[in-house]
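Per the UniProt record's numbering, residue 1 is the first one in the sequence shown, and the count goes up by one each step.
The block underneath contains the structure these notes are about, expressed in C-alpha cells.
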Amino acid sequence: MALQDGTDELMDRARDGDGAAWARLVERYSGMLWAIARGHGLGDADSGDVVQTTWLRLVERMDGLRSPAAVGAWLATTARHESARLAARAARDLPPLVVAAPEAAPDQVVLARERLGQVATAIATLPRRCQVLLRMVAQNAGQADLAAALRIPVGSVGPTRARCLETLRGLVR
Numbered sequence: 001m002a003l004q005d006g007t008d009e010l011m012d013r014a015r016d017g018d019g020a021a022w023a024r025l026v027e028r029y030s031g032m033l034w035a036i037a038r039g040h041g042l043g044d045a046d047s048g049d050v051v052q053t054t055w056l057r058l059v060e061r062m063d064g065l066r067s068p069a070a071v072g073a074w075l076a077t078t079a080r081h082e083s084a085r086l087a088a089r090a091a092r093d094l095p096p097l098v099v100a101a102p103e104a105a106p107d108q109v110v111l112a113r114e115r116l117g118q119v120a121t122a123i124a125t126l127p128r129r130c131q132v133l134l135r136m137v138a139q140n141a142g143q144a145d146l147a148a149a150l151r152i153p154v155g156s157v158g159p160t161r162a163r164c165l166e167t168l169r170g171l172v173r
C-alpha cells in the first residue's frame, strides 16, 4: 500500500536517475538526519559526515530496499547507527586524562580533579573548531596537520590556538 505522501514514487523515480526526485527526497529528510546526528552530540563537521554517509548508503542499497515508501525509517536508522559510530570514535580519540600523582596529599588530588573537571566542562562549551584544535595540540599534532584539520592556512594556526586558549582561560577563571 503506497503512502499518500508519494515517497514510494519519489524512490522509484530517484532509482531511475530523476534528479528532481532526489532533490525532493533530500529536502524532505535531510533535516531529520541532521537532527539525529545533533542528538548524538556531534558537531557540524561530524553531523555533515553522518548526513552525507547516510545518503551514500541509500544510493548503495537503494535497489535492495523492500519497501521504498519506508525510506524515512531506513534513513533514520542508518543515521542513528552512523552517529553512534562517529560518537564512539570521537570518544576513543580523546586524549587520556592526566590525574595527580598517587603520592599527592588527598586534598591536592581532590583539587586537581575538581580543576580538571572545570577544564573539561569549559572545553565542551568551546566552539567545535577550538575543541578539535585543543585536542590535536594535546596529541602534539604539527602545524600542517592542525591547518589541514581546521581547513585554515598554516600561518593562522598560532593565532587561532591563542584565541582558543584565551577563551578557555576566561571560562575556567
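Quick reminder that beta carbons are idealized off the backbone N, C-alpha and C, glycines included.
Just so you know, these numbers come straight off a predicted model, no measurement behind them.
Own chain, CB closer than 7 Å to residue i, minus 5 neighbours either side, in chain order
| i | result |
| --- | --- |
| Cys164 | Leu126, Cys130, Leu133, Leu134 |
| Met62 | Arg15 |
| residue 181 | A question about residue 181 goes unanswered here, because the residues of the chain that appear run from 1 up to 173. |
| Asp44 | Arg128 |
| Gln52 | none |
| Thr167 | Leu126, Cys130 |
Residue nearest to residue i in terms of C-alpha spacing, selected from the options
| i | options | result |
| --- | --- | --- |
| His40 | Leu116, Asp16, His81 | His81 |
| Arg28 | Gly17, Arg15, Gly6, Ser47 | Gly6 |
| Glu60 | Ser47, Met136, Leu75 | Leu75 |
| Asp46 | Gln143, Ala88, Ala20 | Ala88 |
| Ala79 | Gly64, Leu58, Pro68, Ala69 | Leu58 |
| Ala69 | Met32, Asp8, Gly31, Arg13 | Asp8 |
| Ala90 | Ile152, Leu42, Pro159, Arg151 | Leu42 |
| Ala162 | Ala149, Arg151, Val137, Arg173 | Val137 |
Per-residue burial, residue i [other beta carbons within 10 Å of its own, 16 or more giving buried]
| i | result |
| --- | --- |
| residue 174 | Because residue 174 is not part of the residues shown, which for the chain are 1 to 173, the question remains open. |
| Ala2 | Because the pLDDT at Ala2 is just 40, under 50, the model does not fix this residue reliably, and the point stays unresolved. |
| Ser156 | exposed |
| Thr54 | buried |
| Val71 | buried |
Beta-carbon proximity list for residue i, same chain, < 6 Å, skipping 5 on both sides
| i | result |
| --- | --- |
| Arg24 | Leu10 |
Close Cβ partners of residue i (< 8 Å) along its chain, the five nearest in sequence each way excluded
| i | result |
| --- | --- |
| Arg169 | none |
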